[in-house]
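If you read the protein sequences in the order shown, they are chains B and E. Start counting the first sequence at 1; every next residue gets the next number (the numbering used here). Start counting the second sequence at 1; every next residue gets the next number (the numbering used here). These notes concern the structure reproduced below.
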Amino acid sequence: MSSTIIRRGNYIVAIVGLAGALACKREERRFNDSAAAAPASGAVTLDTLQPGVPAPELSVVSKSEGNAYDISEGKRLFESWNCSGCHSHGGGGMGPPLMDNEWIYGSSPENIVATIVEGRPNGMPSFRGRIQNQQLWQLAAFVRSMAGLQPKAPSPGRDDDMQYKVDEQRTPTRTPRASSPPKP
Amino acid sequence: MNWAGSIFDTAGTQAERIATLAWFIIAVSAVTYVLVLTTTAIAIRRARARRTSDELADTRPETERRLTRTVGIATAATTVILLIFVAATARTGRAIAWPIGSEQPITVEVTGHQWWWQFRYRDTVPSNWLTTSNELHIPVGRPVRVILLSNDVIHSFWVPELHGKQDLIPGHRNTTWLRADRPGVWKARCAEFCGIQHAKMAFDVVAESPARFNQWYVSQLASAHAPSDSSAMHGQSVFMQRTCIMCHSISGTPAGSSVGPDLTHIASRPSIAAGSLPNTRENLGRWILNPHLIKPGVRMPPHPLSPADMNALLDYLETLK
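Rendered as structure tokens:
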């Protein structure tokens with residue numbers, strides 16, 4: 001009797017273990033995504049309000065959002081191509097800071113990719129044709145991570161440079177708590 | 001026996017010291033191994049013989065004393081052998097950590113990248129500094145000071161024919177010394193797991209006579225010639241206007257990025273992609289088209305160029321002798 005229970009228990013453990021192993025989803029590393037969406041050419045929409053007939057929504061979707069490999073590749077490219085020369089690890093210098101939540105040309109991945117491809121007035125050069133599509137999305141994913149727009153888990157955990165931190169004014173109000181009951 | 005590519009195919013004093021130490025340890029260990037197994041076999045035979053006869057175990061005090069003495073001697077011998085190994089290893093380590101010979105050394109700065117090697121030859125005259133990739137030339141009979149740096153993770157520099165391994169550590173400067181006593185061409189590899197393409201991170205070591213080394217050095221110092229035929233000229237414009245220029249440098253042109261290997265003299269190298277492929281036109285084309293089919297995960301992205309652009313680009317790269 002008891003041996004039957006043990007045997008049944010073993011089956012259950014094996015099934016649960018197998019299910020657990022199958023349920024573990026490893027992040028996909030897309031080394032070579034030659035089908036990565038090309039950046040939308042034309043005007044970048046920053047707002048849905050516009051005169052005339054509403055323009056069709058941008059159908060470009062970034063596959064790099066929330067992907068740890070893509071964000072870390074973006075970080076490597078950001079340093080390799082000397083984006084830090086002007087944006088100073090996201091802290092800003094000659095170019096605007098990237099770790100705050102002010103975006104002159106929009107904060108969505110499409111906007112950031114458009115900024116890299118088109119260039120912007122007052123210094124940002126155009127990288128049209130010089131950067132492969134997938135790498136553009138990786139760069140955009142990393143730039144967004146600097147401003148805290150990526151989930152915490154895939155964002156670079158350890159950084160030798162500056163790090164994004166929420167301003168104290170923007171954190172929820174906290175009331176002080178007494179560690180021990182007040183003495184009468 | 002053919003020792004090619006192993007530490008026993010020595011080409012320098014340091015490697016000879018290491019090989020001698022290895023042979024010494026292997027020989028002593030082999031003798032010890034045979035002795036231990038023989039003794040064990042004899043003991044097992046005796047115990048079996050006693051079990052089949054009705055003889056009682058020998059428990060006389062003098063036998064006990066003899067056995068204790070034997071075990072004591074064996075333990076002492078083991079300790080002494082291990083201490084001799086320690087002393088021999090320390091002696092070898094001291095002997096190979098310094099430059100061999102009194103000739104003027106040359107200095108090469110080695111930087112490990114995921115997954116290729118950058119070599120910078122330093123000279124007292126800055127205009128004589130030379131940068132090359134995945135191919136290390138050294139003159140025979142001259143000590144080479146190798147400074148080891150890393151750009152990303154820990155790699156390890158290992159030329160089995162010349163010396164032991166030494167790590168390349170990010171943020172740290174390691175030094176090792178090489179000296180080849182005979183000319184030769186050897187394959188060296190990264191000896192520390194450094195990511196998905198660790199296995200394809202090799203470089204060629206070419207030890208040659210000082211005269212030939214100088215000849216090579218001068219030829220490598222020269223800037224790339226401007227292409228003369230129209231196809232190569234078109235290829236150059238493809239290189240300069242597409243993604244290539246973001247990572248590679250060719251001296252004498254606007255391309256000056258050091259993210260990927262220097263291509264100024266790529267056509268003179270025996271292999272491409274850090275020793276992964278022989279340097280032929282076909283392989284170069286396959287590599288540029290989609291490096292991930294050859295080395296999945298490599299930092300270089302695929303380049304779906306049109307056949308005309310690709311042919312022109314290959315024509316241009318072939319002029320970079």
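Glycine residues also receive a C-beta, built at the ideal position from the N, C-alpha and C atoms.
Next on the checklist: Using 8 angstroms for Cβ pairs, my map puts THR264(E) next to SER251(E). What's the rounded Cβ distance?
Outcome noted: Locating residue 264(E) in the second sequence gives position 264, where the first residue counts as 1. Locating residue 251(E) in the second sequence gives position 251, where the first residue counts as 1. THR264(E) to SER251(E), Cβ: 5 angstroms. Contact.
Next on the checklist: In the DSSP output, which residue or residues are listed as bridge partners for HIS172(E)?
Outcome noted: In the second sequence, residue 172(E) corresponds to position 172, counting from 1. Answer is none; HIS172(E) lacks a bridge partner.
Item to check | Nearest-angstrom Cα separation, counted from ALA114(B) out to TRP3(E) | outcome: Looking up residue 3(E) in the second sequence gives position 3. Looking up residue 114(B) in the first sequence gives position 114. About 57 angstroms.
Checklist entry - Is any beta-carbon of chain E found at less than 9 angstroms from that of ILE112(B)? => result Here residue 112(B) refers to the residue found at position 112 of the first sequence. Under the Cβ criterion of 9 angstroms, ILE112(B) is not counted among the residues facing chain E.
Next on the checklist: So the candidates are ASP58(E), LEU82(E), HIS113(E) and LEU67(E); which of them puts its Cα closest to the Cα of LEU193(E)?
Outcome noted: Start at 1 with the first residue of the second sequence, and residue 193(E) comes out as number 193. In the sequence on display, residue 193(E) carries Phe and not Leu. Checking every option, the nearest Cα to that of PHE193(E) belongs to HIS113(E).
Checklist entry - How about PRO296(E): is its C-beta nearer than 9 angstroms to some C-beta of chain B? => result Against the second sequence, residue 296(E) aligns to sequence position 296. For PRO296(E), the answer is yes, since a Cβ of chain B falls inside 9 angstroms of its Cβ.
Next on the checklist: Does chain E have any CB closer than 9 angstroms to the CB of TRP81(B)?
Outcome noted: Position 81 of the first sequence, counting from 1, holds the residue named residue 81(B). Closer than 9 angstroms to some Cβ of chain E, the Cβ of TRP81(B) qualifies, so yes.
Checklist entry - Listed from N- to C-terminal order along the chain, which residues in the region 115–139 of chain B have their beta-carbon within a distance smaller than 7 angstroms of any beta-carbon of chain E? => result Listed in sequence order: GLY129, ARG130, ILE131, GLN132, GLN134 and GLN135.
Checklist entry - Relative to the alpha-carbon of PRO121(B), which residue among VAL143(B), MET94(B) and GLU110(B) has its alpha-carbon at the smallest distance? => result Position 121 of the first sequence, counting from 1, holds the residue named residue 121(B). Minimum Cα distance to PRO121(B) is reached at MET94(B).
Checklist entry - Is DSSP giving GLU337(E) helix, strand or coil here? => result Outside the displayed span of chain E (1 to 321) sits residue 337(E), for which this structure offers no information.
Item to check | Contact with chain B by SER249(E), beta-carbon distance below 9 angstroms | outcome: Translated into positions along the second sequence, residue 249(E) becomes position 249. By this cut-off, SER249(E) is not an interface position.
Next on the checklist: For a cutoff of 9 angstroms on Cβ pairs, would you count PRO304(E) as touching chain B?
Outcome noted: Working through the second sequence from its first residue, we reach residue 304(E) at position 304. Chain B contact via Cβ: present.
Next on the checklist: Give me, in chain order, the residues of the same chain whose beta-carbon lies closer than 8 angstroms to that of SER257(E); leave out the 5 immediate sequence neighbours on both sides.
Outcome noted: As a working note, residue 257(E) is residue 257 in the second sequence. Excluding residues within five positions, the ones whose Cβ falls inside 8 angstroms are ILE245, MET246, CYS247, HIS248 and SER249.
Checklist entry - Ends of the alpha helix (DSSP H) at TRP137(B)? => result For the purposes of this step, residue 137(B) is taken as the residue at position 137 of the first sequence. Residues 133–146.
Next on the checklist: Let me check understanding here. Comparing Cα to Cα, which of ALA255(E), PRO126(E), ARG60(E) and PRO160(E) lies closest to ILE7(E)?
Outcome noted: As a working mapping, residue 7(E) is identified with position 7 in the second sequence. It is PRO160(E).
Item to check | N-terminal and C-terminal residue of the alpha helix (DSSP H) that ARG189(E) is part of | outcome: Residue numbering aside, residue 189(E) sits at position 189 when the second sequence is read from its first letter. Note, ARG189(E): premise wrong, no alpha helix (DSSP H); beta strand (DSSP E) at 184–190.
Next on the checklist: Is any non-hydrogen atom of the ligand ZN found closer than 8 angstroms to the C-beta of ALA68(B), if you look at the structure I gave you?
Outcome noted: Questions concerning the ligand ZN fall outside what the structure shown contains, since it holds no ligand whatsoever.
Checklist entry - Once you ignore the five residues that flank THR13(E) on each side, which residues in its own chain have a CB closer than 6 angstroms to its CB? => result Within the second sequence, numbered from 1, the residue matching residue 13(E) stands at position 13. These residues qualify, in order along the chain: ILE100.
Item to check | Beta carbon proximity, VAL259(E) to chain B, threshold 9 angstroms | outcome: The count along the second sequence starts at 1 and reaches residue 259(E) at position 259. Closer than 9 angstroms to some Cβ of chain B, the Cβ of VAL259(E) qualifies, so yes.
Next on the checklist: For ASN185(B), count the other beta carbons within 10 Å of its own beta carbon; 16 or more makes it buried, fewer makes it exposed. Which is it?
Outcome noted: With chain B covering 1 to 184 only, the question about residue 185(B) has no answer from this structure.
Next on the checklist: Whole angstroms are fine: how far does the CA of ARG7(B) sit from the CA of VAL16(B)?
Outcome noted: Here residue 16(B) corresponds to residue number 16 of the first sequence, with the count starting at 1. Here residue 7(B) corresponds to residue number 7 of the first sequence, with the count starting at 1. Computed Cα separation, rounded: 14 angstroms.
Checklist entry - What span of residues does the alpha helix (DSSP H) with TYR316(E) cover, start to end? => result Looking up residue 316(E) in the second sequence gives position 316. Here the alpha helix (DSSP H) through TYR316(E) covers 307–318.
Checklist entry - Along chain B, which residues have their Cβ under 9 angstroms away from the Cβ of MET310(E)? => result The count along the second sequence starts at 1 and reaches residue 310(E) at position 310. Neighbours of MET310(E) in chain B, taken as residues whose beta carbon is under 9 angstroms from its own, are absent, since the nearest beta carbon is some 15 angstroms off.
Checklist entry - So, is TYR33(E) buried or exposed, given that buried needs 16 or more other C-beta atoms within 10 angstroms? => result In the second sequence, counting from the first residue as 1, residue 33(E) sits at position 33. Burial call: exposed.
Checklist entry - At a CB-CB cut-off below 7 angstroms, which residues of chain B make contact with MET201(E)? => result Counting from one through the second sequence, the residue named residue 201(E) turns up at place 201. Within 7 angstroms Cβ-Cβ: nothing; MET201(E) doesn't reach chain B, min ~16 angstroms.
Next on the checklist: Assuming contact is defined by CB atoms lying nearer than 9 angstroms, are LEU162(E) and SER150(E) in contact in what I supplied?
Outcome noted: The residue given as residue 162(E) occupies position 162 in the second sequence. The residue given as residue 150(E) occupies position 150 in the second sequence. Cβ atoms of LEU162(E) and SER150(E): not closer than 9 angstroms.
Item to check | Contact check, LEU317(E) vs ALA273(E), beta carbons under 9 angstroms | outcome: The residue labelled residue 317(E) in the question sits at position 317 within the second sequence. The residue labelled residue 273(E) in the question sits at position 273 within the second sequence. Taking 9 angstroms as the Cβ cut-off, LEU317(E) and ALA273(E) do not qualify as a contacting pair.
Next on the checklist: For TYR105(B), list the residues DSSP reports as bridge partners.
Outcome noted: The sequence position of residue 105(B) within the first sequence is 105, counting from 1. The partner list for TYR105(B) (beta bridge, DSSP) is empty, contrary to what the question assumes.
Next on the checklist: With a threshold of 9 angstroms between beta carbons, is ARG299(E) in contact with chain B?
Outcome noted: Position 299 of the second sequence, counted from the start, is the residue given in the question as residue 299(E). It does: the Cβ of ARG299(E) has a partner Cβ on chain B nearer than 9 angstroms.
Next on the checklist: Counting only C-beta atoms, is ARG242(E) closer than 9 angstroms to chain B at any point?
Outcome noted: Residue 242(E) sits at position 242 when you count from the first residue of the second sequence. Yes, because at least one Cβ of chain B sits closer than 9 angstroms to the Cβ of ARG242(E).
Checklist entry - Beta-carbon of ASN290(E) versus every beta-carbon of chain B: anything under 9 angstroms? => result As a working mapping, residue 290(E) is identified with position 290 in the second sequence. Taking Cβ atoms only, chain B reaches closer than 9 angstroms to ASN290(E), which makes this a yes.
Checklist entry - Should the region 167–184 of chain B be regarded as contacting the region 139–149 of chain B, the criterion being three or more beta carbon pairs within less than 8 angstroms? => result no
Next on the checklist: At the 9 angstroms Cβ level, is ILE169(E) part of the contact set with chain B, yes or no?
Outcome noted: The sequence position of residue 169(E) within the second sequence is 169, counting from 1. Answer no: the Cβ-Cβ gap between ILE169(E) and chain B never drops below 9 angstroms.
Next on the checklist: If contacts are defined as beta-carbon pairs under 8 angstroms, then PRO183(E) and SER219(E) qualify, I think. What distance do you get, rounded to the angstrom?
Outcome noted: Taking the first residue of the second sequence as position 1, residue 183(E) is located at position 183. Taking the first residue of the second sequence as position 1, residue 219(E) is located at position 219. About 18 angstroms; that fails the 8 angstroms criterion.
Item to check | For PHE157(E), the three-state DSSP class (helix, strand or coil) | outcome: For this step, residue 157(E) is matched to residue 157 along the second sequence. Three-state result, PHE157(E): strand.
Checklist entry - Can you give, in chain order, each stretch of the beta strand (DSSP E) that sits fully within the region 100–137 of chain E and has at least 3 residues? => result 106–113, 116–122 and 130–133
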